[in-house]
Amino acid sequence: MYNYTITRLSYLPVFLLLFAGGVCAGGLGGIVIGLLEKEVVGLLGGTFFGFVVGLASGIAGLIYTFVFNLLAPVTGGLKVRIDANTLPLDSTAQPTPNPEPPASDGL
Numbered sequence: 011m012y013n014y015t016i017t018r019l020s021y022l023p024v025f026l027l028l029f030a031g032g033v034c035a036g037g038l039g040g041i042v043i044g045l046l047e048k049e050v051v052g053l054l055g056g057t058f059f060g061f062v063v064g065l066a067s068g069i070a071g072l073i074y075t076f077v078f079n080l081l082a083p084v085t086g087g088l089k090v091r092i093d094a095n096t097l098p099l100d101s102t103a104q105p106t107p108n109p110e111p112p113a114s115d116g117l
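This is how it looks when you write it as structure tokens:
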């Protein structure tokens with residue numbers, strides 16, 4: 011059993027993860043908006059929506075991480091408990107034999 015308390019997060023992994031997720035989700039949304047509303051935004055007008063949504067998502071993640079890093083030491087952080095998963099011992103278990111390869115018909 012491992013007991014940890016998370017009191018600090020790194021900024022770069024949070025930004026990169028949220029930026030990548032925002033680019034993927036915003037890119038799909040931008041393609042749909044570009045296809046449906048091509049009179050308003052043009053056919054290629056929705057292509058930069060993914061970048062903008064990804065950037066906004068990454069910046070929001072930086073703000074969340076900053077607030078967490080300020081408040082976590084004061085509140086005690088996040089308590090994490092990890093238990094080792096042990097395999098049950100079964101005395102009646104038989105080893106599985108290797109299956110035979112399929113017989114060829116002389117093709």
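Sequential numbering from 11 applies to the sequence shown in our numbering. From the three backbone atoms N, C-alpha and C, an ideal C-beta is built for every residue, glycine too. For clarity, every value in this text was computed on a predicted model and none was experimentally measured.
CA-to-CA distance, residue j to residue i, given in whole angstroms
i	j	result
V42	Y21	31 angstroms
E47	D93	52 angstroms
L26	I69	10 angstroms
Y74	C34	20 angstroms
F61	P107	54 angstroms
N13	L88	11 angstroms
V24	G36	18 angstroms
G86	E49	54 angstroms
L72	N95	34 angstroms
V90	A66	29 angstroms
A30	E110	46 angstroms
L38	L81	35 angstroms
Anticipated Cβ contact below 8 angstroms, residue i with residue j, distance rounded
i	j	result
V63	G44	Going by Cβ atoms, the distance from V63 to G44 rounds to 14 angstroms, so no, they are not a contact pair.
N79	L19	6 angstroms
Candidates the options: closest to residue i by CA position
i	options	result
I16	G39, G68, V84, A30	V84
F58	F25, G40, V50, G68	G40
7 angstroms Cβ cutoff, residue i in contact with chain C
i	result
T96	No chain C appears in this structure, which consists of one protein chain only.
For this session: Could you name each continuous beta strand (DSSP E) segment of 3 residues or more that falls completely within the segment 30–93, going from the start of the chain to the end?
Result: 88–92
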